[in-house]
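A.B. asks: Dumping the structure here so I can ask a few things about it.
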Amino acid sequence: MVKLIAVDLDGTLLNVNCRISEKNLESIRRAQSHGVEVVIATGRAHFDVKDIFKNTGIQTWIIGANGATIHKPSGERFHSVPLNREEALTAVNWLEKEEFYYEVFADHAIFSPHHGRELLDSEISKIKSRYPDIEPGVLEESAAKQFQQTGYSYIESSLELAAADTAFYNILAFSFDKEKLEKGRLTFMGNKKLTVVSSGDHNFELEHRNASKGNALKIVADHFKIRMADTAAVGDSFNDLSMLQIVGKSAAMGNAHPEIKAACHEVTQSNSEDGVAHFISSLLSYRQKTETTVS
Numbered sequence: 043m044v045k046l047i048a049v050d051l052d053g054t055l056l057n058v059n060c061r062i063s064e065k066n067l068e069s070i071r072r073a074q075s076h077g078v079e080v081v082i083a084t085g086r087a088h089f090d091v092k093d094i095f096k097n098t099g100i101q102t103w104i105i106g107a108n109g110a111t112i113h114k115p116s117g118e119r120f121h122s123v124p125l126n127r128e129e130a131l132t133a134v135n136w137l138e139k140e141e142f143y144y145e146v147f148a149d150h151a152i153f154s155p156h157h158g159r160e161l162l163d164s165e166i167s168k169i170k171s172r173y174p175d176i177e178p179g180v181l182e183e184s185a186a187k188q189f190q191q192t193g194y195s196y197i198e199s200s201l202e203l204a205a206a207d208t209a210f211y212n213i214l215a216f217s218f219d220k221e222k223l224e225k226g227r228l229t230f231m232g233n234k235k236l237t238v239v240s241s242g243d244h245n246f247e248l249e250h251r252n253a254s255k256g257n258a259l260k261i262v263a264d265h266f267k268i269r270m271a272d273t274a275a276v277g278d279s280f281n282d283l284s285m286l287q288i289v290g291k292s293a294a295m296g297n298a299h300p301e302i303k304a305a306c307h308e309v310t311q312s313n314s315e316d317g318v319a320h321f322i323s324s325l326l327s328y329r330q331k332t333e334t335t336v337s
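For the sequence shown, the working numbering assigns the number 43 to the initial residue and increments by one for each residue that follows.
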């Protein structure tokens, strides 16, 4: 019987307009009313998640920065696995030299280069020249979405990061250049102190080797003394795999990558079709049948 449900945000709970539908919100409220713990598990910062839910009346546990942080519904930090500071600064220095747009997730801010938008606009222009038939609107929309988060703190260079009195939890590198992305992934995959994951076609993310959504979900489940067999999760991308592979019931979104679909117990509707609500509804229906049978 499901007692805890982990839900990814981008590409899952959020639709293509980066909004949560009322149907999805109602499904979370319904799950909570049945005593089910709902956990938001995302690559986003916890304060960004708080902002997304601020007018919904919903409070949940938040696994943020791809599992590097866990926050209680109150906002109190429960657990964290920060990056080694030297490793983080070395990584950012490399990204700057390679002219990547990047984001560094910290306790109360997302550090990003002040000329980040110009970097991406320059890449889009180069791709347009190289591939005249490509639809530029798709790239521009992807770039715009990257700046819709809350809590940005713009910096001139990594020197400002070195002076910042805060822990660093996650580093996101973003590019429209596939060869550049692959070079970055291969460079950091050789570092045994880091884990390299991806939450989209145009990025890779760096975190502590012990940080993952799966590990964080185990910690939350242990806190509530819930067996992993009694947990469920839904997601759409490769940074969700670590949790989708360990829960009792997993669902891939209809818009998920084929490899994610193959790794899950089932495939629900897309994020434009309230896939989360469909999945939660099926879990609650099964839970009610089980309770009726037992009673």
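Ideal placement from N, C-alpha and C gives every residue a C-beta, glycine not left out.
The structure presented is a predicted model; accordingly, all values stated were derived computationally and were not measured.
#1: Are Ile100 and Ile322 close, meaning C-beta to C-beta below 8 Å?
#2: The beta strand (DSSP E) with Val91 in it runs from where to where?
#3: Per DSSP, Thr98 is paired with what?
#4: Looking at Ser241 and Ser292, is the spacing between their C-beta atoms short of 8 Å?
#5: Answer yes or no: do Gly296 and Thr310 have a C-beta to C-beta separation smaller than 8 Å?
#6: If I measure Cβ to Cβ from Asp219 and keep anything under 7 Å in the same chain, skipping five residues before and after, which residues do I get?
#7: Return helix, strand or coil for Ser164, following the three-state DSSP convention.
#8: Please state the DSSP three-state secondary structure of Asn212.
#9: Distance, Cα to Cα, His320 vs Asp90?
#10: Check whether the region 151-159 and the region 249-257 are in contact - that is, three or more C-beta pairs closer than 8 Å.
#11: From what residue to what residue does the alpha helix (DSSP H) around Ser69 run?
#12: Nearest to Asn59 by alpha carbon, out of Lys235, Gln190, Ile104 and Glu177?
#13: Please classify Leu142 as buried or exposed, where buried requires at least 16 other C-beta atoms within 10 Å of its C-beta.
#14: By the DSSP assignment, the beta strand (DSSP E) with Asn245 in it spans what residues?
C.D. replies: This is what the structure gives:
#1: Position 58 of the sequence shown holds residue 100. Position 280 of the sequence shown holds residue 322. Taking 8 Å as the Cβ cut-off, Ile100 and Ile322 do not qualify as a contacting pair.
#2: As a working mapping, residue 91 is identified with position 49 in the sequence shown. If you look at Val91, you'll find it isn't in any beta strand (DSSP E); it sits in the alpha helix (DSSP H) that goes His88 to Phe95.
#3: Along the sequence shown, one-based indexing puts residue 98 at 56. By DSSP's assignment, Thr98 forms no beta bridge with any residue.
#4: Your numbering for residue 292 matches position 250 in the sequence shown. Your numbering for residue 241 matches position 199 in the sequence shown. No; because the gap between Cβ atoms is not below 8 Å, this pair is not in contact.
#5: As a first step, residue 296 is located in the sequence shown; it is residue number 254 there, counting from the start. As a first step, residue 310 is located in the sequence shown; it is residue number 268 there, counting from the start. With respect to Thr310, Gly296 sits close: the two C-beta atoms are nearer than 8 Å.
#6: Working through the sequence shown from its first residue, we reach residue 219 at position 177. Answer for Asp219: Glu165, listed in chain order.
#7: Here residue 164 is taken as the residue at index 122 of the sequence shown, counted from 1. Here DSSP, grouped into helix, strand and coil, assigns Ser164 to helix.
#8: Counting from one through the sequence shown, the residue named residue 212 turns up at place 170. Three-state result, Asn212: strand.
#9: Within the sequence shown, numbered from 1, the residue matching residue 320 stands at position 278. Within the sequence shown, numbered from 1, the residue matching residue 90 stands at position 48. Between His320 and Asp90, the C-alpha separation is close to 25 Å.
#10: Not touching, per the Cβ criterion.
#11: Taking the first residue of the sequence shown as position 1, residue 69 is located at position 27. Looking at the DSSP string, the run of the alpha helix (DSSP H) that includes Ser69 is Glu64 to Ser75.
#12: Mapped onto the sequence shown, residue 59 falls at position 17. Checking every option, the nearest Cα to that of Asn59 belongs to Gln190.
#13: To locate residue 142, count along the sequence shown from 1; it is residue 100. Position check: residue 142 holds Phe in this sequence, whereas Leu was assumed. A residue is called buried once 16 or more other Cβ atoms fall within 10 Å of its Cβ, and Phe142 is buried on that count.
#14: For this step, residue 245 is matched to residue 203 along the sequence shown. Asn245 -> beta strand (DSSP E) spans Asn245 to His250.
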